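Undergrad:
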Amino acid sequence: MKVKVWVLSLLAVMVIALTACGGNEPEQGAGEQPEGTDQGNGTEENMTIRLGLVCGGMTPLLAQIGINDGSFEEAGLTVEENCFTSGSDAVQALVGGSIDANLGSYEHVLRFANNALSVKAYGQLYDGIGYSLVVREDAPYQGLEDLAGETLAVTRAGSLSDTGLRHGLEASGIDPDRDVEIIGSGSGASMFASIENSQVAGGMVSEPTISQMVSSGDFRVLYEPEVEYAGIVVMATTEWVDENSEAMTVFLRVLNEINDRVKDDPSLAVEPMQQNFENIEPDVLEMAIANQLARVPEGLRVTEEGAANVAETAVELEIIEEPVSFDEAVDLSYLP
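The sequence shown: position 236 = 236 (my numbering), numbered continuously.
1. Beta-carbon separation of Y229 and G164 under 9 Å?
2. For the candidate residues A90, M191, S206 and L125, whose alpha-carbon lies nearest to that of S132?
3. Mind checking who I182 pairs with in its DSSP beta bridge?
4. Less than 7 Å between C-beta atoms, sequence neighbours within five positions excluded: which residues of the same chain meet that for Q199?
5. What residue range is occupied by the uninterrupted alpha helix (DSSP H) comprising A236?
6. Could you check if G173 is buried or exposed, using at least 16 other CB atoms within 10 Å of its CB as the buried criterion?
7. For the stretch 220–238 against the stretch 113–133, do three or more pairs of beta-carbon atoms, one drawn from each stretch, fall closer than 8 Å, so that the two count as touching?
8. Within its chain, find whatever has a CB closer than 6 Å to the CB of Y223; leave out the 5 residues flanking it on each side and keep chain order.
9. With distances taken between CB atoms, is the gap from R296 to L61 smaller than 9 Å?
10. Restricting to Cα atoms, I'd like to know which of G184, F192 and V119 is closest to R136.
11. Give the single residue among G149, A153 and S187 whose Cα lies nearest to the Cα of D175.
12. So the alpha helix (DSSP H) T249 belongs to, where does it begin and stop?
13. Quick check on the burial criterion: 16 or more other C-beta atoms within 10 angstroms. Buried or exposed for L10?
14. A247 and L77: beta carbons closer than 9 Å?
15. State the DSSP-derived secondary structure class of A113, mapped to helix, strand or coil.
16. Taking the alpha-carbon of N179 as reference, which of S215, G186 and T151 has the nearest alpha-carbon?
17. With distances taken from CA atoms, which of E286, E243 and N279 is nearest V262?
18. I'd like to check one pair, V154 with S185: are the Cβ atoms closer than 9 Å?
19. For the beta strand (DSSP E) containing S132, list its first residue and its last residue.
20. Looking only at its chain, what residues have a beta carbon closer than 7 Å to the beta carbon of D69, apart from the 5 residues adjacent to it on each side?
21. Report the three-state DSSP secondary structure of L61 (helix, strand or coil).
22. Could you tell me how far apart the beta carbons of V54 and I67 are, in whole angstroms, since I believe they sit closer than 8 Å?
23. Among S71, G57 and N102, which has the Cα closest to the Cα of T238?
24. Helix or strand or just coil, what does DSSP make of E73?
25. Output needed for Q64: all residues of its chain with C-beta closer than 7 Å, excluding positions within five of it in sequence on either side, in chain order.
26. Out of E304, Q292, G203 and S98, which has the shortest C-alpha to C-alpha gap to A329?
27. Can you tell me whether DSSP reads Y126 as helix, strand or coil?
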């Protein structure tokens, strides 16, 4: 009975989160900006950013807090939230001009560079893979080296969850192509069911699902990727940023201020984030927020090591044909 209730709760959370994000109509906000500045998609009295993000998870945490608690509006910036079901759809919208900036994987920036498109990363909201391998509490495994011969689940082949799992297996002496079977199992309720019913030995899960599963007492984290990895970045076309430099500067400044405000006291973020995850208990949500904030880099800066690790992986997986230099893909000059 407890499992059925948990599944129904998780399904409700997913539906509410996706509906809340995907159903928003763009709002026209009024903010002030320096006199004489033309913001391209705004007016002299209004700075606006049409922001793309994949809703339903917590990697866009800082931006979600700022949208929900009014921090952007107080700074004179209107942020129009545009939800997507995949990062690929979001970056297509970015190139097509229907959004101004996107919160997504750094590998997309590298793809743009390989295709001679002027898109750069201007800050980073998450340093890491963003997924952990969760197993049943009563599972016999004590480390990745115990998983030889087992079936493991990722969200889909070639995803960040897949990349993170393969890194860990290789470091533990397990060949991910020969020693284990890796299958795509989706996320949320479908991933939970695969682990709970022992269809897989473990699955790669993201927040807030990790905290929900662990807090139930029925699951534990077996492996959390610790590699420095440019995960979720703020990306935009250089042309848009050139024309809207003040809007990008304010956006990044507010994100950094939010991080400074809530990092020492994650409870401050619970109330605004319950607008996205209203069916999650406050203590569990605070745990998930704290875990997420721990991976926000200092000053929202993309590091050369993290960027290089993504580029190396992207070349190995043939996502890009040749390496991309840090300066070619990253511009940190708009950060506070």
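We treat Cβ as the ideally placed atom computed from N, Cα and C, and that holds for glycine.
Note that this is a predicted model, so its numbers are computed, not measured.
TA: Taking the coordinates as given:
1. yes
2. S206
3. L152
4. none
5. Run containing A236: none in the alpha helix (DSSP H); it sits in the beta strand (DSSP E), A230 to T237.
6. exposed
7. yes
8. L133, L144 and G168
9. The question names Arg, yet the displayed sequence has Val at residue 296. Cβ distance < 9 Å, so V296 and L61 count as in contact.
10. F192
11. G149
12. S245 to K263
13. Residue placement at L10 cannot be trusted, given a pLDDT of 43 that sits under 50; the coordinates are not used to answer.
14. yes
15. helix
16. Here residue 179 is Asp; the residue named in the question, Asn, does not match the sequence. The shortest Cα separation from D179 among S215, G186 and T151 belongs to T151.
17. E286
18. yes
19. S132 to R136
20. P272
21. helix
22. Actually they are not in contact, since the Cβ atoms of V54 and I67 sit about 15 Å apart, beyond 8 Å.
23. N102
24. helix
25. M273 and N276
26. E304
27. strand
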